[in-house]
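Enquirer: FYI, the numbering for the sequence shown is -11 to 84, going by the numbering used here. We put the CB at the ideal spot given by N, CA and C, even for glycine. The structure is given below, and queries will be raised subsequently.
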Amino acid sequence: MNEYEEILSIKTTKEIAHNVVEAIARLHTTYFQEVYIHFGLIEQDVDDNKFVDCAVASDAEYIVTNDSHFNILKQIEWPKLSVITIQEFVKQIIDD
């Protein structure tokens, strides 16, 4: 959540970023996942690994990102994680 707040504060203000993150954290659909295994699959930007580890731990269907560092996951057999772009995710939502 801290990274989301940091990125949002660059795009808006610190106050808006904090309020958005707080609102997300309070949603009944928000789930906080503990991570016990750290795979270290992304070497180009090791800070991105927290999202991969969380996706594996929560048995996520896919990771939604436009960050090219995650493309390495398409070449890894295990743990198998699908990566889709934000545009692909939006298209899925609209088509469903």
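Within 10 angstroms of the Cβ of A11, are there 16 or more other Cβ atoms? Answer buried if so, exposed if not.
Expert: Per the 10 Å Cβ criterion, exposed.
Enquirer: Along the chain, which unbroken stretches of the beta strand (DSSP E) at least 3 residues long are found entirely within the region 5 to 78?
Expert: Entirely contained in the region 5 to 78, the beta strand (DSSP E) runs reaching 3 residues are, in chain order, 50 to 52, 70 to 72.
Enquirer: For Y50, I'd like the list of residues in its chain whose CB is within less than 6 Å of its CB, leaving aside the five on either flank, ordered along the chain.
Expert: Only S70, I72 meet the Cβ criterion.
Enquirer: Hey, A45 and Y24 are a contact pair by Cβ (cut 8 Å); roughly how many whole angstroms apart?
Expert: Contact holds; Cβ gap of about 7 Å.
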